[in-house]
Amino acid sequence: MDSLQTGDWYALLTTLNHEQAPARLHWLATLLVDALKRQHGASYLTNVDTDAVIAALAGPLSPARIQAILHDICHCREQLLHVTGLNRELVLTDLILRIEHYLQPGTLLPVPHL
Numbered sequence: 017m018d019s020l021q022t023g024d025w026y027a028l029l030t031t032l033n034h035e036q037a038p039a040r041l042h043w044l045a046t047l048l049v050d051a052l053k054r055q056h057g058a059s060y061l062t063n064v065d066t067d068a069v070i071a072a073l074a075g076p077l078s079p080a081r082i083q084a085i086l087h088d089i090c091h092c093r094e095q096l097l098h099v100t101g102l103n104r105e106l107v108l109t110d111l112i113l114r115i116e117h118y119l120q121p122g123t124l125l126p127v128p129h130l
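Using the numbering used here, count along the sequence shown one by one with no gaps and you end on 130.
Here is the structure:
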């Protein structure tokens, strides 16, 4: 994921904007969950073949940022799966812009709710 090194998450749009976007968002979510697991010292990871990517996510991102990003990814995925006629590229662009916003220093993150 070159986006991690460059900070340009918008580069993910070409990868995500595909008929299989929900599956690709699910894969991205599993990487972020693995990053959370690594931060908390868990030994079992789902994506054992992407250890470098997981380490790159777990290093600079706080658990709160990862959780905010995960929430938005899951919400976007649900929209793509259940809303008929949705403009996929627009929804994915909005997601990426929110992720980039969350990564800005001093950004107030959304409060998680149950």
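Where is the CB? At the ideal position from N, CA and C, for every residue including glycine.
Only a predicted model underlies this, so the values are computations on that prediction, with no experimental measurement involved.
Exercise. Once you ignore the five residues that flank E105 on each side, which residues in its own chain have a CB closer than 7 Å to its CB?
Worked result: N33
For this session: Compare the beta carbon distance of K53 and L61 with 8 Å and say whether it is the shorter of the two.
Result: Here K53 is near L61, since their CB atoms are less than 8 Å apart.
Problem set entry | Nearest-angstrom Cα separation, counted from D67 out to H42 | 17 Å
Exercise. Does the Cβ-Cβ distance between A74 and L125 come in under 8 Å?
Worked result: no
Problem set entry | Whole-Å CB distance - G115 paired with I85, under 8 Å assumed | Before going further, note that residue 115 is Ile rather than Gly in the sequence given. Indeed they touch by this definition, with Cβ atoms about 5 Å apart.
Exercise. Between H117 and T109, is the Cβ-Cβ spacing less than 8 Å?
Worked result: no
Problem set entry | Start-end ranges of the alpha helix (DSSP H) lying completely within the region 67-109, minimum 4 residues | 67-74 and 79-98
For this session: Since I believe A37 is in contact with L96 (beta carbons under 8 Å), could you give me their beta-carbon distance rounded to a whole number of angstroms?
Result: 6 Å
Problem set entry | Cα-Cα separation, I89 to P121 | 20 Å
Problem set entry | Cut-off 8 Å between Cβ atoms - residues of its own chain near R40, not counting five sequence neighbours on either side | T31, L32 and H34
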